[in-house]
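Enquirer:
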Amino acid sequence: MERIAKFFKALDQTKLSEQFADKRSKKPPDLFEFIRRTVDTIGKVIDATTVGLKDLPPFMVKIFEINRDAERAFKEGRFSDFVELKYRGTEIFYRNFYEHVFDKELENNSKMNLSDIVREVEGALGVNSGVLKKLNRWRLVRNEIVHDHLKLSRQEALKAKRFFEKLYRLFEKYVKN
Numbered sequence: 444m445e446r447i448a449k450f451f452k453a454l455d456q457t458k459l460s461e462q463f464a465d466k467r468s469k470k471p472p473d474l475f476e477f478i479r480r481t482v483d484t485i486g487k488v489i490d491a492t493t494v495g496l497k498d499l500p501p502f503m504v505k506i507f508e509i510n511r512d513a514e515r516a517f518k519e520g521r522f523s524d525f526v527e528l529k530y531r532g533t534e535i536f537y538r539n540f541y542e543h544v545f546d547k548e549l550e551n552n553s554k555m556n557l558s559d560i561v562r563e564v565e566g567a568l569g570v571n572s573g574v575l576k577k578l579n580r581w582r583l584v585r586n587e588i589v590h591d592h593l594k595l596s597r598q599e600a601l602k603a604k605r606f607f608e609k610l611y612r613l614f615e616k617y618v619k620n
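So the sequence shown is numbered by the working numbering: it starts at 444 and just counts up by one.
1) Counting C-beta neighbours from all protein chains within 10 Å, is the total for S523 16 or more, i.e. buried, or is it exposed?
2) With a CB to CB cut of under 6 Å and the five nearest residues on each side skipped, what residues in its chain are close to F607?
3) What first and last residue would you give for the alpha helix (DSSP H) that runs through G566?
4) When the Cα of K609 is compared with those of F525, I588 and V574, which residue comes out closest?
5) Hey, how far is the Cα of R580 from the Cα of Y611?
6) Would you check if there are 3 or more beta carbon pairs closer than 8 Å linking the segment 539-547 to the segment 555-574?
7) Mapping DSSP to helix, strand and coil, what is E534?
8) Taking 8 Å as the cut-off, is the CB of L610 close to at least one heavy atom of the ligand NAP?
9) Counting along the chain, where does the alpha helix (DSSP H) carrying R511 start and finish?
10) Quick check on this structure: which residue in S572, A516 and F507 has the alpha carbon closest to the alpha carbon of S596?
11) To the nearest angstrom, how far is it from the Cα of P501 to the Cα of I535?
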């Protein structure tokens, strides 16, 4: 919890939250500094009563809330909900990361899926993580959950959990390049 509190303090000091909240800001925070500060905190479940989320950019608050709900779904045995939520949280994070890398906003009705976004971000950064095939598989599973009410087992949910954690760790690879 102490590392998370330090993150919030550093985030506030560098005014990242203001720059992300104000879309009119022409000067985005340094890309790699943004990644460094985010990589240690994304994917963690945060209790809003312990750590104030109000200082974070709105998209990060949403990601933390989704991840908290996903972990709750996993504990309650709602494995399909868990996968759907983890996919959604990852998608929100990558969409915002894409907007930061390319300095342009994605339209809400954009036809780009998460695989397309990851492909473009990696292309811009000169990274090939090799996750696109698996990412596409989880996108198809998520679609079956949403449209066909697919029920997943605990084993499948554990595979998804490991995969989405790997996606968050990709930011470490992005930082090194």
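Every residue, glycine too, gets a C-beta built ideally from N, C-alpha and C.
Expert: Per the coordinate set shown:
1) Classification for S523: buried.
2) Correct list, in chain order: K529 and T533.
3) L557 to L568 is the extent of the alpha helix (DSSP H) around G566.
4) Among F525, I588 and V574, the Cα nearest to that of K609 belongs to V574.
5) Each residue's alpha carbon lies about 17 Å from the other.
6) Output reads yes: the segment 555-574 touches the segment 539-547.
7) E534 falls in the helix class under three-state DSSP.
8) Among the components of this structure there are no ligands whatsoever, and the ligand NAP is therefore not found.
9) The continuous alpha helix (DSSP H) containing R511 extends over residues P501 to K518.
10) When only C-alpha atoms are compared, the closest one is A516.
11) When rounded, the separation of the alpha-carbon atoms in P501 and I535 is 11 Å.
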